[in-house]
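Taking it in order: structure first as structure tokens, then the write-up.
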Amino acid sequence: MRRIDVGILRAAEIKFDFIGDFCSGAPFSAKENVVSVVDGKLFFNSCRYDNLCFVPKGDGSRFLLYDVVIGVNFHWQRKENQLFTGELHFIVEDGEVRAVNRLPVEDYLVSVISSEMSATSSLELLKAHTIISRSWLYAQLQRSEKVQQSVLGWENEDEIIRWYAREDHTLFDFCADDHCQRYQGVTRAANPNVERAVRETNDIVLKYDGEVCDARFSKCCGGVTERFSACWENEDYDYLRALRDCGDDEPLPDLTNEASAREWIESEPLAFCSNADKGVLSQVLNGYDQETNDFYRWRVEYTQEGLSQLIKLRSGVDFGIIIDLQPVERAASGRLVKLRVVGSKRTVTVGKELEIRRWLSESHLYSSAFVVDKVEKEGVPCFVLKGAGWGHGVGLCQIGAAVMGEKGYTFEQILKHYYPGAVLEKI
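Residue 1406 in our numbering sits at position 315 of the sequence shown, with consecutive numbering throughout.
Written out as structure tokens, the structure reads:
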């Protein structure tokens, strides 16, 4: 069975414990182990090593990592202690210790499905998500040319255009956070449905024209899914297209048009992801995700002074006082691909969607599908952002797919809806 290396945690020092039997070339205890870096080497139990490896001796063996950061740079970032199966490796990365978990792909997927969403979701959603998570993983592993830069794009006096690639991990295959896929070991115990979903879809992936699909997904599309090129490289895939997130053959409005985009965002058209009650949300969202409940339509307000300080902090550019935020280019879902930031000192066009979200929030704005109103409140100039959706919107909409599962759609129907033209095959 294919095994992968997942980078879990990097820190100046890492504390870890063992549950069950492990073997290693280094002496260790079951409790209170700490590894750090001294002069470019791993320092552990008064000895120096180039690397450390701990291998479980039985199926019930686990290891515990303390203070793992989850939700890196998002509004719900926090630390938690996490429990893992498989091998534990320590390596030196940029002068710090990196903990890496080596384990079989199918075991990894059991955790991903439980980490990306609640394990109490419908079986059909769990099967659908297992297949797209597996497809995405193999699509990344099979790329013939690895892009070593994580930040791509261009920058000049008038424009800063950036997008963020996944292929920046050179010492392991995937990281454990949203940058790749959420992987939190066996911290969130999978119920039998998760294990069943992985088992019954074993080795099944989505393919299009003979290639494994780069099956992207996000929390909530806001009613329309997005094209790949709106968020990443300037290329598109037929199976990742803009479509209405509903069961009817509703026409797709022209949301690249500013007036149509405003009308769409300021209304709440019927969609699978608009139709989620608290029961469905509790199934598909983990506890920290449920701290966000205005995912379909949302509103954020800044004073002019507060927005000016925020953009300077987040962009590194001194615009002076922010005078206006002007849409330059919208993609098919109404998400902004380019936004002109007009200041008293400078005017710069920023893109793509994630960079816009980074500039306009202390963590990440929910999405770039928003319109801007300038108002005054008690004599104070303010900017009001009214938006739609949570995430980039490409591929499967997790909340929409959860509603589909509750309505009785099969996993094949869910996948056909979000990845039109793709077929299921065993790799």
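In this text, a Cβ means the ideal position worked out from N, Cα and C, and glycines have one as well.
Same chain, Cβ closer than 7 Å to residue i, neighbours up to 5 away in sequence not counted
{"i": "V1419", "result": "K1429, L1430, R1431 and T1440"}
{"i": "Y1500", "result": "E1215"}
{"i": "C1187", "result": "One detail in the question is off: residue 1187 reads as Glu in this sequence, not Cys. Taken in chain order, the residues that qualify are R1101, A1102, A1103 and V1128."}
{"i": "S1320", "result": "E1326 and D1327"}
{"i": "L1346", "result": "V1315, A1352, W1355, R1421, A1423, S1424 and G1425"}
{"i": "E1341", "result": "R1335"}
Separation of residue j from residue i, as counted between CA atoms
{"i": "R1318", "j": "T1176", "result": "37 Å"}
{"i": "D1339", "j": "A1493", "result": "17 Å"}
{"i": "V1289", "j": "V1196", "result": "10 Å"}
{"i": "L1416", "j": "G1397", "result": "14 Å"}
{"i": "K1237", "j": "H1260", "result": "Because the pLDDT of K1237 is 48, which lies under 50, any placement of that residue in the model is unreliable, and the number read from its coordinates should be weighed accordingly. Answer to the nearest angstrom: the Cα atoms are 9 Å apart."}
{"i": "E1123", "j": "I1110", "result": "12 Å"}
{"i": "Q1233", "j": "A1460", "result": "32 Å"}
{"i": "L1361", "j": "H1180", "result": "48 Å"}
{"i": "E1286", "j": "Q1272", "result": "18 Å"}
{"i": "E1246", "j": "L1262", "result": "29 Å"}
{"i": "V1141", "j": "C1114", "result": "The question names Val, yet the displayed sequence has Asp at residue 1141. For D1141 and C1114, the distance between alpha carbons rounds to 17 Å."}
{"i": "D1198", "j": "S1212", "result": "19 Å"}
{"i": "T1292", "j": "I1412", "result": "55 Å"}
{"i": "E1469", "j": "V1391", "result": "18 Å"}
{"i": "F1154", "j": "V1097", "result": "14 Å"}
{"i": "S1458", "j": "G1480", "result": "6 Å"}
{"i": "V1201", "j": "D1150", "result": "15 Å"}
{"i": "E1250", "j": "R1332", "result": "27 Å"}
{"i": "A1230", "j": "I1414", "result": "43 Å"}
{"i": "C1473", "j": "S1435", "result": "16 Å"}
{"i": "S1235", "j": "D1368", "result": "With a pLDDT of 46 at S1235, under the threshold of 50, the modelled position of this residue cannot be trusted; read the value that follows with caution. So the two alpha carbons sit approximately 43 Å from each other."}
{"i": "A1121", "j": "V1303", "result": "42 Å"}
{"i": "M1495", "j": "H1508", "result": "10 Å"}
{"i": "D1269", "j": "A1350", "result": "33 Å"}
{"i": "I1505", "j": "N1282", "result": "22 Å"}
{"i": "E1359", "j": "L1427", "result": "19 Å"}
{"i": "Q1239", "j": "W1227", "result": "A caution first: Q1239 carries a pLDDT of 48, below 50, which makes its placement in the model too unreliable to give a value."}
{"i": "I1252", "j": "G1244", "result": "5 Å"}
{"i": "A1219", "j": "I1402", "result": "39 Å"}
{"i": "I1105", "j": "V1126", "result": "5 Å"}
For residue i: DSSP bridge partner residues
{"i": "W1355", "result": "W1355 pairs with nothing; no bridge assigned."}
{"i": "V1146", "result": "C1114"}
{"i": "V1419", "result": "Its beta-bridge partners do not exist; DSSP assigns none."}
{"i": "L1430", "result": "P1418 and V1441"}
{"i": "L1156", "result": "F1107 and Q1173"}
{"i": "C1311", "result": "W1481"}
{"i": "E1178", "result": "R1193"}
{"i": "Y1393", "result": "F1474"}
{"i": "C1488", "result": "S1309"}
{"i": "W1254", "result": "L1243"}
Heavy atom of the ligand PLP within 7 Å of residue i beta-carbon
{"i": "I1110", "result": "Of ligands this structure carries none, so the ligand PLP is not represented either."}
Cβ-based neighbour list, residue i, same chain, cut-off 8 Å, excluding 5 preceding and 5 following
{"i": "E1357", "result": "V1462 and K1477"}
{"i": "R1353", "result": "V1462"}
{"i": "K1170", "result": "D1158, V1159, V1160 and I1161"}
{"i": "D1130", "result": "R1139"}
{"i": "M1092", "result": "P1195, V1196 and E1197"}
6 Å CB neighbourhood of residue i in its chain, flanking five on each side removed
{"i": "G1491", "result": "D1336, F1363 and C1364"}
{"i": "N1192", "result": "V1097, I1099, F1175 and G1177"}
{"i": "L1334", "result": "T1316"}
{"i": "E1324", "result": "none"}
{"i": "R1437", "result": "F1410"}
{"i": "Y1393", "result": "F1474"}
{"i": "V1146", "result": "C1114 and E1178"}
{"i": "V1471", "result": "T1394"}
Chain B contact for residue i (CB, 8 Å cutoff)
{"i": "K1403", "result": "Going by chain labels, chain B is absent from the structure shown, which holds only one protein chain."}
Quiz item: Okay, do the region 1302 to 1317 and the region 1477 to 1486 touch, 3+ Cβ pairs below 8 Å being the bar?
Solution: Between the region 1302 to 1317 and the region 1477 to 1486 there are three or more C-beta pairs closer than 8 Å, enough to call the two in contact.
Quiz item: Are at least three pairs of beta-carbons, each pair with one atom in the region 1295 to 1304 and one in the region 1503 to 1515, less than 8 Å apart?
Solution: Taking one beta carbon from each stretch, the region 1295 to 1304 and the region 1503 to 1515 have 3 or more pairs nearer than 8 Å; the two touch.
Exercise. Return the chain-ordered ranges of every alpha helix (DSSP H) run that is complete within the region 1191 to 1219 and spans a minimum of 4 residues.
Key: Runs found: 1196 to 1207.
Quiz item: Taking only runs of the beta strand (DSSP E) that begin and end inside the region 1259 to 1313, which ones reach a length of at least 3 residues, in chain order?
Solution: Within the region 1259 to 1313, the complete beta strand (DSSP E) runs of at least 3 residues are 1295 to 1299.
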